[in-house]
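Following: one structure in structure tokens, then a few remarks.
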Amino acid sequence: MRCWESEVDFVGVPLLLLETLSKSLKLRELPGVQAFRFDDTVEIFCVDDFATRVRIHLYVSLARILVLKQALKAAQSKYLRDVLADSLGFAGAKMTRHVVGIAHVADLESITDQDVKAQCERAALKCGRRLIMEAFKLSIQDVKNVAESLRAFA
0 MRCWESEVDF VGVPLLLLET LSKSLKLREL PGVQAFRFDD TVEIFCVDDF ATRVRIHLYV
60 SLARILVLKQ ALKAAQSKYL RDVLADSLGF AGAKMTRHVV GIAHVADLES ITDQDVKAQC
120 ERAALKCGRR LIMEAFKLSI QDVKNVAESL RAFA
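FYI, the numbering for the sequence shown is 0 to 153, going by numbering that gives the first Met the number 0.
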């Protein structure tokens, strides 16, 4: 039977969703389905069976959910990476400010030996610079390693 010879429903499916679905389901192989490429973005499925039409709508809905979940996960991951980078950059700026600016901290000011104080200030400036300059490259594990190395220095 051809689509235009009987009562049928037409189901448009975006190709992006088709690619998602094609890994687990071949819509073209369902009974009573004829597929036509409409343009570069949508494929039209000519369906003459109600159950098949429901299956296609269900699969398309599930594919949309999968695509949205993947997009949400990617957006959340990027957001958290950006928050971490902003936090590291801010921490590096504060470390630099405590050494160079007028907001000195008792931790460094209480060191009486000038050579040791200079070493600690250099280490703090080096760490602060790295946090600022490499904020988008550093992971939490990298920051933990830097903190451990500074602890070992003291």
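C-beta: ideal position from N, C-alpha, C; glycine also.
* To do: Would you check if the stretch 98 to 107 and the stretch 62 to 76 touch, i.e. whether three or more CB-CB distances between them fall below 8 Å?
  => no
* Output the distance between the C-alpha atoms of S148 and A122, rounded to the nearest integer angstrom. => The straight-line gap from Cα to Cα measures roughly 10 Å.
* Asked: Are A134 and D85 touching if we call contact CB-CB under 9 Å?
  -> The answer is yes: Cβ separation under 9 Å.
* Asked: To the nearest whole angstrom, what separates the beta carbons of L87 and L124, a pair I think is in contact under 8 Å?
  -> About 15 Å; that fails the 8 Å criterion.
* Please state whether DSSP places K136 in a helix, a strand or coil. => coil
* **Best match in D81, A102 and V98 for proximity to L119 [C-alpha to C-alpha]** => Per the sequence presented here, residue 119 reads as Cys, with Leu not at that position. Measuring from the Cα of C119, the nearest candidate turns out to be V98.
* To do: Note down the Cα distance separating A146 from L130, rounded to an integer number of angstroms.
  => Between A146 and L130, the alpha-carbon positions lie close to 11 Å from each other.
* Alpha-carbon spacing of A102 relative to A90, whole angstroms -> 14 Å
* **Which of helix, strand or coil DSSP assigns to V82** => helix
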